[in-house]
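Student: Sequence lines, in order, name chains A, B and C. Per the working numbering, the very first residue in the first sequence carries number 1; after that it's consecutive. Per the working numbering, the very first residue in the second sequence carries number 1001; after that it's consecutive. Per the working numbering, the very first residue in the third sequence carries number 2001; after that it's consecutive. Heads up, the beta-carbon is just placed ideally off N, CA and C, and yes, glycines get one too. It should be emphasised that the depicted structure is a prediction, and the values quoted were computed from it without experimental measurement.
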Amino acid sequence: MSEVIKNYIVRENEDYIVNMGPQHPSTHGVLRLELVLSGETVKQVVPHIGYIHRGIEKMCEYDTYKQIVHLTDRMDYLSAHINNEAVCLLVENALEIEVPERVKYIRVVLDELTRIASHQLWWSAYGMDLGALTAFFYGMRDREKILDIFEESFGSRLLHSFNTPGGLMHDVHPNFQKHAMEFVKYFRKKLPEYKQLLTDNVIFRNRTQGIGVMSRETAIAYGVTGPSGRGSGFSCDVRKIAPYGVYDQLEFEQILYEQGDSFARYMVRMKEMEQSLNIIEQAVDKITDGPFTAKVKPIIKLPEGEYYQRVETARGELGVYVVSDGKKFPYRVRFRSPNFSNLFVLNTIARGHLIADLVAISGSLDLVIPDIDR
Amino acid sequence: MNDHIYDFSQLTRHIDESLRAAMSPTWAVVVELVIIGLVFLTFYALLGLFLVYAERKVCALMQNRIGPNRVGKWGLLQTIADLLKLLTKELVYIERADKFLFNLAPFIVIIASFMAIAAIPFAKGLQAIDLNIGIFYIIAVTSVGVIGILIGGWASNSKYSLIGAMRSGAQVISYELSVGLSLLSVVIFSGSMQLSEIIRSQADGWWIFKGHIPAFIAFLIYLVAATAEINRGPFDLAEAESELTAGFHTEYSGIKFAFFFLAEYINMFIVASIATTMFLGGWLPLHIDHWAAFNRVMDYIPSIVWFFAKTFFIIYVIMWFKWTFPRLRIDQLLTLEWKYLLPLNLINTIVIAFIVMMGWHF
Amino acid sequence: MSGIIKYFADILHGLKTLWAGMRITGKYFVSPGEIVTEQYPEIRHKKQIVSDRFKGEVIMPHDENNQHNCTGCGVCELNCPNGSIEIITKRIPDENGKMVRVIDKHIYHLSMCTFCGLCIKVCPTQALAWGQEFEHAVYDRTKLTKVLNKPGSSYKGLSSKKKEAKS
Ligand code: SF4
Ligand code: SF4
Chain A
1 MSEVIKNYIV RENEDYIVNM GPQHPSTHGV LRLELVLSGE TVKQVVPHIG
51 YIHRGIEKMC EYDTYKQIVH LTDRMDYLSA HINNEAVCLL VENALEIEVP
101 ERVKYIRVVL DELTRIASHQ LWWSAYGMDL GALTAFFYGM RDREKILDIF
151 EESFGSRLLH SFNTPGGLMH DVHPNFQKHA MEFVKYFRKK LPEYKQLLTD
201 NVIFRNRTQG IGVMSRETAI AYGVTGPSGR GSGFSCDVRK IAPYGVYDQL
251 EFEQILYEQG DSFARYMVRM KEMEQSLNII EQAVDKITDG PFTAKVKPII
301 KLPEGEYYQR VETARGELGV YVVSDGKKFP YRVRFRSPNF SNLFVLNTIA
351 RGHLIADLVA ISGSLDLVIP DIDR
Chain B
1001 MNDHIYDFSQ LTRHIDESLR AAMSPTWAVV VELVIIGLVF LTFYALLGLF
1051 LVYAERKVCA LMQNRIGPNR VGKWGLLQTI ADLLKLLTKE LVYIERADKF
1101 LFNLAPFIVI IASFMAIAAI PFAKGLQAID LNIGIFYIIA VTSVGVIGIL
1151 IGGWASNSKY SLIGAMRSGA QVISYELSVG LSLLSVVIFS GSMQLSEIIR
1201 SQADGWWIFK GHIPAFIAFL IYLVAATAEI NRGPFDLAEA ESELTAGFHT
1251 EYSGIKFAFF FLAEYINMFI VASIATTMFL GGWLPLHIDH WAAFNRVMDY
1301 IPSIVWFFAK TFFIIYVIMW FKWTFPRLRI DQLLTLEWKY LLPLNLINTI
1351 VIAFIVMMGW HF
Chain C
2001 MSGIIKYFAD ILHGLKTLWA GMRITGKYFV SPGEIVTEQY PEIRHKKQIV
2051 SDRFKGEVIM PHDENNQHNC TGCGVCELNC PNGSIEIITK RIPDENGKMV
2101 RVIDKHIYHL SMCTFCGLCI KVCPTQALAW GQEFEHAVYD RTKLTKVLNK
2151 PGSSYKGLSS KKKEAKS
């Protein structure tokens, strides 16, 4: 704790204070970063959050378990499906509902599609943060293919409250498997383009390598999870360390990089997209015929007690903590959102860098602001 | 050689003579000045609008998009519509901004680019003023523009603007060196600073071909340095929209913003036309030795077409840069200049001087 | 010496990577076949702009006799997480003069709906469905409050009961 406090300096009169945000092109949402500068060098970053606080946790206390699901969409809207799954898994585990195999594999495919879509958007936006505007359009172009698959099956492209405790809202489209495989093929062809356009680019490398180095200790101290944590060598992939669904039956690697700089975080995500493609390939074949949902009572009541479920979203570890008093509404709901922890490491790793680097660093942390504020 | 078929000097001489016949020599000069001014003003506005349109189309195609396609055929009138919109927009005044300097800045920027156009030879005989130190003059006036940027950033009383302006100052001052040195190599080759003289020296081959590899290196360095000097991506640090929202012109609105915007595009045209004049033979047609028939066909293409074709090719390359690369950081920008471009350029200049001394070029 | 070699090797490597990037953008510049833009108002005539499962709005399908499936039970209202549905029922006499409860107004606030789909899933008689309309922009917000059962419509089950009673 004391180390954390030490990172905040006493302001001096000649400090040049700039407010980055709440409306700023590269905070990607209504996040306000108060920068203390000396020249262009960042002396301190103070994040101010809460601009998009909607009280989702409080709202959950007045919703049934089925209704909570659709609220989680609105936290990390880029991992909407995975957020849904967290709540559903929690309820399923608490009530010991046996979810059909088909549902489990469909969920995995959707999880990974969501992860790829999220990483694509991040890649696009990261390119834009660093000034490579064309990257933005290429990423969006390929993400569109995933969104089309989503739209075909669930009718919505971003916030598809498709999970429900016990299974899925309705069955996926008959073409779902075919289109998922088509996407895998398509995206395998496009990934080298990403590499040539940005990853290998000498300007890009110079902008990210050695910038915003986060040691493994820092990552653990701040609870930085997800690709950002794994870029520092912090083995924190929930899919590996506490497998849920059918992740333990699938073959994939946890990507770890030791450098801890922006480029390592970038590479983790690039490699993760490839891993996700592998997972999809394996899981699509295993989608068997069967019911799309288990039998669940219309009104779910969790037995009295505390429940916790964690999943790996595209940004890190999402934890759902529910206290139930046996009624149909939960007594308390809390979310451990990955972006909240990932944001606050910014001050530690961005100090001493230039403003341009700050953009590169905060971009490499891949923040989604509504998830921070909830 | 029949390069006189599209000679504008007869036309201009004709106008000059008829004016002098009609009025006293002083008035004739005044009228000529006014005509030139009006022609350039129109040209300037149309060119600016066209370049904005071209940029939007080029970047759209590179990004798998269509680009402007609603106003007019292929969206050709889109930029005019945008200009009208900007004209009718409110000019926002910033509290505690330095009013006088704030209003002055856009004019400095636009006048600097306007002055440079005067010395550019568009076609044979189509040049407003053929100074004997033409290239020197252009380098001098184009660098005045940065003063406008600095003033604009300072007077805006905004922190982002100030950072943008300071970046721009550091950037332009360093890259001026490389631009100057790489142009110097052509001056060494041709032995003249007069633009028409430089073009004449390329009648038997453009300098980029005649000058062997050193000339090509000088051309590349010029391209990079010029892109940096006009604050365009990947060197658009002064306006770096992901860092400084819009850099030095964050606080400008309406037509004042349009001035900055237009000046940026005209500057792009100016550096491209200098590259054309110095390295690619200006308005001279492409000739290949011993291909008499080919050369004759080339001669029938008007010189002004040659000039604009070459210039737009260079503009396209500059746009290509912008829409491909990520932006540099300010210290990397300076490293690139002082550690790479400048030493290479100095060596290159010496090599060129040596080549010219030994008479090794064609 | 090795320093100088590295210096030039760096430059060459840098130029190579830059050229690789330019090749990609250049390739797309000359291949208009790759354009992905959809020209919106023009593609309206295309039959299917959105997929047939698209969640545009909640609708209540009516058959040719202007009859729907809604019994007015109010389950959808209970299950809606944000109160987008209001059910107003009325009592009318049926064949035998017995008063039965039927739907009067099924009010749906499109402006509040989060498209979670719970109402459609829970409806015991499958009276609701997704509509594929997506052009919802209006100048007046009250226009987004819709009455889903059409005027003069009635519950399908009621009339079939009537018919059964008649025959
Ligand atoms: S729509 Fe369905 S759930 Fe709603 S009132 Fe009618 S029958 Fe009941
Ligand atoms: S879709 Fe969800 S939010 Fe919309 S009306 Fe139905 S239950 Fe309510």
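Find the residues of chain B that neighbour GLY212/A, judging by a C-beta separation of less than 9 Å, and give them in chain order.
Tutor: Those within 9 Å of GLY212/A in chain B number zero; the least Cβ separation is about 13 Å.
Student: Kindly say whether PHE1325/B, judged by its beta-carbon, lies nearer than 9 Å to any beta-carbon of chain A.
Tutor: yes
Student: I'd like to confirm something about PRO2081/C: is its beta-carbon nearer than 8 Å to some heavy atom of ligand 2, or not?
Tutor: yes
Student: Cβ of ASN278/A less than 9 Å from any chain B Cβ?
Tutor: Residue-level contact check: ASN278/A does not touch chain B, since none of the beta carbons of chain B fall below 9 Å from its beta carbon.
Student: By Cβ distance below 6 Å, which residues in the same chain neighbour GLN1078/B in space, the five residues on each side in sequence not counted?
Tutor: Counting only Cβ-Cβ distances below 6 Å, and skipping sequence neighbours, we find PRO1068 and VAL1071.
Student: Start and end of the beta strand (DSSP E) containing HIS2099/C?
Tutor: In the sequence as presented, His is not what sits at residue 2099/C; that position holds Met. Here the beta strand (DSSP E) through MET2099/C covers 2099 to 2109.
Student: Which residue or residues does DSSP assign as beta-bridge partners of LEU168/A?
Tutor: ASN163/A
Student: Any beta-carbon of chain A closer than 9 Å to the one on ASN1064/B?
Tutor: ASN1064/B counts as touching chain A.
Student: Near LYS2055/C, what residues of its chain come up, given a Cβ to Cβ distance below 6 Å and the 5 sequence neighbours on each side ignored?
Tutor: If we look at LYS2055/C and ignore the five residues flanking it on each side, its Cβ neighbours are PHE2115 and TRP2130.
Student: Taking ARG216/A as the reference, give the member of ASP261/A, LYS189/A, ALA360/A and HIS53/A with the closest Cα.
Tutor: The closest CA to that of ARG216/A, considering only ASP261/A, LYS189/A, ALA360/A and HIS53/A, is found on ASP261/A.
Student: So does PRO2124/C have its beta carbon nearer than 8 Å to some heavy atom of ligand 1?
Tutor: Under cutoff, so the answer is yes.
Student: Consider the Cβ of ASP129/A: report whether some Cβ of chain B lies at a distance smaller than 9 Å.
Tutor: Chain B, which has a Cβ nearer than 9 Å to the Cβ of ASP129/A, makes this yes.
Student: So, at 7 Å on beta carbons, what are the nonlocal neighbours of ASP142/A in its own chain, with the 5 sequence-adjacent residues on each side left out?
Tutor: GLN120, PHE187 and LYS190
Student: Any Cβ of chain A within less than 9 Å of the Cβ of LEU2148/C?
Tutor: no
Student: Looking at ligand 1, does it come within less than 8 Å of GLU2077/C, judged from the CB to the closest heavy atom?
Tutor: yes
Student: Using the C-alpha atoms, what's the distance from SER1253/B back to LYS195/A?
Tutor: 39 Å
Student: Can you name the residues that DSSP bridges to TRP1382/B?
Tutor: Past the edges of chain B, shown from 1001 to 1362, lies residue 1382/B, and the structure says nothing about it.
Student: Relative to the C-alpha of ARG1096/B, which residue among ALA1155/B, ILE1199/B, ILE1318/B and GLY1169/B is closest?
Tutor: ALA1155/B
Student: Helix, strand or coil for GLY2131/C per DSSP?
Tutor: strand
Student: If you follow the alpha helix (DSSP H) that ILE220/A is in, where does it begin and where does it stop?
Tutor: 216 to 222
Student: Buried or exposed for GLN249/A, going by 16 or more other Cβ atoms inside 10 Å?
Tutor: exposed
Student: Over the uninterrupted beta strand (DSSP E) stretch that includes HIS48/A, give me the two end residues.
Tutor: Its beta strand (DSSP E) spans residues 41 to 48.
Student: Identify the continuous alpha helix (DSSP H) that holds GLU274/A and give its terminal residues.
Tutor: 262 to 286
Student: Could you compute how far the alpha carbon of VAL184/A sits from the alpha carbon of ASP111/A?
Tutor: 14 Å
Student: Roughly how many whole angstroms lie between the Cα atoms of LYS2156/C and VAL2147/C?
Tutor: In a straight line, the C-alpha of LYS2156/C is about 18 Å away from that of VAL2147/C.
Student: Find the residues of chain C that neighbour TYR1340/B, judging by a C-beta separation of less than 8 Å, and give them in chain order.
Tutor: ILE2011
Student: Spell out whether any CB of chain A is found under 9 Å from the CB atom of GLY1075/B.
Tutor: no
Student: At a CB distance below 9 Å, what residues from the segment 2127 to 2153 of chain C approach chain B? Give them in sequence order.
Tutor: Those residues of the segment 2127 to 2153 of chain C that come within reach of chain B (Cβ to Cβ, closer than 9 Å) do not exist; the list is empty.
Student: Span of the alpha helix (DSSP H) holding ILE1213/B?
Tutor: 1212 to 1229
Student: Mark ASN2066/C as exposed unless 16 or more other C-beta atoms lie within 10 angstroms of its C-beta, in which case mark it buried.
Tutor: Residue environment for ASN2066/C: exposed (fewer than 16 other C-beta atoms within 10 angstroms of its C-beta).
Student: Between the segment 1166 to 1177 of chain B and the segment 1129 to 1138 of chain B, do three or more beta carbon pairs fall short of 8 Å?
Tutor: no
Student: By the criterion of Cβ-Cβ separation under 7 Å, what are the contact partners of GLY2021/C in chain A?
Tutor: GLN196, LEU197 and ASN201
Student: Use the C-beta contact count for LYS1124/B: other C-beta atoms within 10 angstroms, 16 or more gives buried, fewer gives exposed.
Tutor: buried
Student: Does the distance from the C-beta atom of LEU343/A to that of TYR65/A stay below 9 Å?
Tutor: no
Student: In terms of residue numbering, what span does the alpha helix (DSSP H) encompassing SER1303/B cover?
Tutor: 1303 to 1322
Student: Ligand 1 and ILE2107/C: does any heavy atom of the ligand fall closer than 8 Å to the residue's C-beta?
Tutor: no
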